[in-house]
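Asks: Pasting in a structure now, in structure tokens, and then I'll have a few things to ask.
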Amino acid sequence: MKKSIQDCLKERILIIDGAMGTMIQRHKLEEADYRGERFKDWHTDVKGNNDLLSITQPGIIIDIHKQYLEAGADIIETNTFSSTLIAQADYDMQSLAYELNVASAKCARIAADEYTTKNPDKPRFVAGAIGPLNKTLSLSPDVNNPGFRAVTFDEVAAAYTDQIKGLIEGGVDLLLIETIFDTLNAKAAVYAIKKFFRDRKMNSPQTPSPFPLPPGEIKGALPIMISGTITDASGRTLSGQTLEAFYISLMHANPISIGLNCALGAMEMRPHIEELSSIANCYTSAYPNAGLPNAFGEYDEQPHETAHIIEEWAANGWLNIVGGCCGTTPDHIKHIADEVAKFKPRLLPVLEEAL
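Each residue of the sequence shown is one higher than the one before, starting from -18 at the first, in our numbering.
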């Protein structure tokens, strides 16, 4: 039987993959490549819609997943950062949102299952990536009207519900709400996840479980990972929360892990990971960028440099899940995996008290 991710987290620091966009850029794809045969006559430009490649160029996406798995990743993220009704409106592809999630999940599933079959003692997991949206619930897009919102909570929850349904039907193991800069958006995602599984439970026959579930948990629900974004040196999210406030705001989701990704390189993220490891009652995750972008928006931090910084985090006992975000590659993930393999994972506070 395949080990659960909970079992693996108790044994070692798990590795999550690196940047999907960075790897896609290496292919230097043009408009026709994004369109493929199916969308050759689409009425708007689609170049840049990386999620669409799961339908038009699945071989590229599966190969990228395999490169990260070969580098040592235990968890790979689906190519669904923008696969929502709201985000796909930029390309007038709202009707494809559900299909994009199913297709992306299947791409990741193919790659993960292949590597789990090769080495059953190192199971690989697929995390359904749920991105932050291009519209926020906490901030007004109109500086002259602070009370205006471009979207409602119900609209955001509906968009996430559509995405969640596609990810689950595509076969993901986890749901990852990531790159959170607006906690209210994240709350809408949590609400959508909980409601989805609650509704599914009510509409399907249930057999009593001999094992009691934690309060608020639903039998058959997938574990939730949460990852926020500290946007600058102030140590706050874009919507103004401190790290502690961010954590407290989302504790009710009972996530399997909470962490940080994007915006900062490992050096800049260090104090925030230290703080999070001291306050979180769940597992912690971190996947920083490959340093800060240069004047051309590119990332120069080399794999051994990123890994050296993260090695200290592991030595200090701050980590349970670690990987890379913007600018990171399979080489970064391999170096990180090699360095943190020497250290034990962070213990949950309740486990520390029991010892």
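By construction, the Cβ of each residue, glycine as well, lies at the ideal position given by its N, Cα and C atoms.
All figures in this text were calculated on a predicted structure; none of them were measured in a lab.
#1: Measure the C-alpha to C-alpha separation of Cys243 and Leu231 and round it to an integer number of angstroms.
#2: Take the Cβ of Asp163 as the centre, count every other Cβ of all protein chains shown within 10 Å, and call the residue buried at 16 or more, exposed below.
#3: Does the beta-carbon of Asp(-2) have 16 or more other beta-carbons within 10 angstroms, so that it is buried, or is it exposed?
#4: Give me the residue from Tyr72, Ala89, Val83 with the minimum Cα distance to Ile56.
#5: Can you list, in chain order, the residues of its chain with a C-beta nearer than 8 Å to that of Phe129? Leave out the 5 residues immediately preceding and following it.
#6: By the 10 Å Cβ neighbour count, where 16 or more other Cβ atoms means buried, how is Thr25 classified, buried or exposed?
#7: For the ligand ZN, is there a heavy atom less than 8 Å away from the beta-carbon of Asn242?
#8: Answer yes or no: do Phe178 and Gly151 have a C-beta to C-beta separation smaller than 9 Å?
#9: On the DSSP bridge assignment, give the partners of Gly109 in chain order.
#10: Any idea which residues DSSP pairs Gly246 with across the strands?
#11: Does the segment 32 to 42 come close enough to the segment 297 to 317 that 3 or more CB-CB pairs lie under 8 Å?
#12: Under 9 Å between the Cβ atoms of Gly272 and Gly246?
#13: Assign Lys99 to buried or exposed, taking buried as 16 or more other Cβ atoms, counted over all protein chains shown, within 10 Å of its Cβ.
#14: Spell out a yes or no on whether the segment 67 to 75 and the segment 41 to 56 are touching, meaning 3 or more CB-CB pairs, one atom from each, closer than 8 Å.
#15: Go through the segment 41 to 70 residue by residue and report every complete run of the beta strand (DSSP E) that reaches 3 residues or more, in order.
#16: Just to confirm my understanding: we take Ala234, look at its own chain, exclude 5 residues before and 5 after, and list those with CB closer than 6 Å. What are they?
#17: Below 7 Å CB to CB, which residues in the same chain sit around His8 once its five sequence neighbours on both sides are set aside?
#18: Can you tell me where the alpha helix (DSSP H) with Ser208 in it begins and where it stops?
#19: First and last residue of the alpha helix (DSSP H) that includes Asn82?
#20: In the DSSP output, what is Ile359 paired with across the bridge?
#21: Taking the C-alpha atoms as reference points, what is the distance between Leu336 and His313?
#22: Spell out the partners DSSP gives Gly201 in its beta bridges.
#23: Using C-beta distances below 8 Å, list every residue in its chain close to Glu279, excluding the 5 sequence neighbours before and after it, in chain order.
#24: Have a look at Asp281 and Asn184 and give me their C-alpha separation to the nearest angstrom.
#25: State yes or no: is the C-beta of Ser76 within less than 9 Å of the C-beta of Asn60?
#26: Given a cut-off of 9 Å on the beta-carbon distance, is the pair Ile211 and Glu159 in contact?
#27: Could you say which of Glu18, Arg16, Pro104 lies nearest to Ala54 if we only look at CA atoms?
#28: What's the C-alpha gap between Val305 and Arg327?
#29: Rounded to whole angstroms, what's the CA-CA distance from Arg251 to Lys(-16)? Just pull it up for me.
#30: For Asn270, count the other beta carbons within 10 Å of its own beta carbon; 16 or more makes it buried, fewer makes it exposed. Which is it?
#31: Using C-beta distances below 6 Å, list every residue in its chain close to Leu148, excluding the 5 sequence neighbours before and after it, in chain order.
#32: In the DSSP assignment, what are the bridge partners of Leu(-5)?
#33: Is Ile(-14) helix, strand or coil when you go by DSSP?
#34: With DSSP as the reference, label Gly2 as helix, strand or coil.
#35: Taking Cβ positions, are Glu255 and Ile291 nearer each other than 9 Å?
#36: In or out: Gln222 buried (at least 16 other Cβ within 10 Å) or exposed?
Replies: Answer, in terms of the structure:
#1: 19 Å
#2: buried
#3: buried
#4: Ala89
#5: Ser121, Pro122, Asp123
#6: exposed
#7: Within the structure as shown, the ligand ZN is missing, as the structure has no ligands at all.
#8: no
#9: Leu156
#10: Asn270
#11: no
#12: yes
#13: exposed
#14: no
#15: 56 to 58
#16: Val171, Ile205
#17: Ile41
#18: Looking at the DSSP string, Ser208 is not in any alpha helix (DSSP H); the run it does join, the beta strand (DSSP E), is 205 to 209.
#19: 78 to 99
#20: Since the displayed the chain opens at -18 and closes at 336, residue 359 lies outside it and no answer follows.
#21: With a pLDDT of 41 at Leu336, under the threshold of 50, the modelled position of that residue is not reliable, and the figure given next carries that caveat. One C-alpha to the other measures close to 35 Å.
#22: According to DSSP, which records beta bridges pairwise, Gly201 is partnered with nothing at all.
#23: Gly308
#24: 51 Å
#25: no
#26: no
#27: Pro104
#28: This sequence places Gly at residue 305; Val is not what is there. Straight-line Cα distance between these residues: approximately 19 Å.
#29: 31 Å
#30: buried
#31: Asn82, Ala86, Gly109
#32: Ile302
#33: helix
#34: helix
#35: no
#36: buried
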